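In my numbering, the protein residues as written are 13 to 245.
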Ligand SMILES: Cc1cc2nc3c(=O)[nH]c(=O)nc-3n(C[C@H](O)[C@H](O)[C@H](O)COP(=O)(O)OP(=O)(O)OC[C@H]3O[C@@H](n4cnc5c(N)ncnc54)[C@H](O)[C@@H]3O)c2cc1C
Ligand code: FES
């Protein structure tokens, strides 16, 4: 059984939920999460934002019915968690890496930087519509943290100095970044989002077309090499 330590609002429509207990999971993986005893039958896929010996954290945006019902849960209430699922970002050593996130794609970058920071140089670029104070905590595991407010983040990036670029967020943003990386011979990994039902590779709801044929985002991804993906706009 898993119990909520806190579930607090961090901006207009973003929440952070911490759940007590011992959990497994790595950078870029996700859990299917849903309230217990509610009408919601299928959990919603949410990336691991942070994990330590005493608990796990998820950062999520209220969009529809599922995320709204998550936002209504209170400290001490039980929650249904299944995971960790998916293939996350790979490990790297002695590289200069840019982590780039837009929208809810900023959520997994915290654990990602925490896990890569020791062995690599990490710059984090976060794109938001308006200033978001909560995210200054990302500085802890970054050589540099840059906020890109209001504009198209891809117009402001100079990726020349990086060996590797890791992205999460809107596909149109990830596609533009892939195109830049391709021109400059920079390795790029993207994290894809699809509607999900089972989360474990059984229902095929999350199938996407790649250069290696159909893949399940929940099981084969959500992280893929940028060069393998047919991005959709
Ligand atoms: C691997 C993975 C990791 C994710 N990690 C996070 C995270 O860390 N934080 C977070 O806030 N969100 C994350 N998401 C997205 C999150 O799962 C959806 O926002 C959530 O399922 C919406 O459920 P809902 O019932 O609130 O909205 P719904 O009522 O199902 O949908 C509301 C609106 O959002 C759109 N929508 C719903 N799900 C998706 C999706 N997966 N992709 C694109 N549009 C969608 C619908 O088309 C609709 O317009 C992730 C998704 C995936 C696949
Ligand atoms: S969600 Fe069922 S196969 Fe991916």
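Ideal placement from N, C-alpha and C gives every residue a C-beta, glycine not left out.
This structure is a prediction, so every number in the text was calculated from the model and none was measured.
Where the beta strand (DSSP E) containing residue i begins and where it ends
i, result
"residue 56", "56-59"
"residue 218", "Element bounds for residue 218: n/a, residue is neither H nor E."
"residue 111", "108-114"
"residue 67", "67-73"
"residue 43", "42-47"
"residue 63", "62-64"
Check: residue i C-beta below 6 Å from any heavy atom of ligand 1
i, result
"residue 166", "no"
"residue 119", "yes"
"residue 147", "no"
"residue 153", "no"
"residue 200", "no"
"residue 213", "no"
"residue 150", "no"
"residue 76", "yes"
"residue 96", "no"
Sheet register partners of residue i (DSSP bridge)
i, result
"residue 237", "201"
"residue 90", "15"
"residue 29", "19 and 70"
"residue 276", "As displayed, the chain neither begins before 13 nor continues past 245, which places residue 276 out of reach and without an answer."
"residue 156", "135"
C-beta contact flag for residue i and residue j at 7 Å
i, j, result
"residue 180", "residue 203", "yes"
"residue 105", "residue 131", "yes"
"residue 183", "residue 244", "yes"
"residue 75", "residue 16", "no"
"residue 95", "residue 43", "yes"
"residue 228", "residue 219", "yes"
"residue 200", "residue 210", "no"
"residue 146", "residue 22", "yes"
Heavy atom of ligand 2 within 6 Å of residue i beta-carbon
i, result
"residue 220", "no"
"residue 110", "no"
"residue 217", "yes"
"residue 277", "Not covered by the structure: residue 277. The range shown for the chain is 13 to 245."
"residue 193", "no"
"residue 208", "yes"
Terminal residues of the alpha helix (DSSP H) in which residue i lies
i, result
"residue 165", "165-168"
"residue 141", "First-last for residue 141: undefined, no H or E at that position."
"residue 80", "77-83"
"residue 126", "121-128"
* Asked: Would you say the segment 107-114 touches the segment 57-67, given that touching needs at least three Cβ pairs under 8 Å?
  -> no
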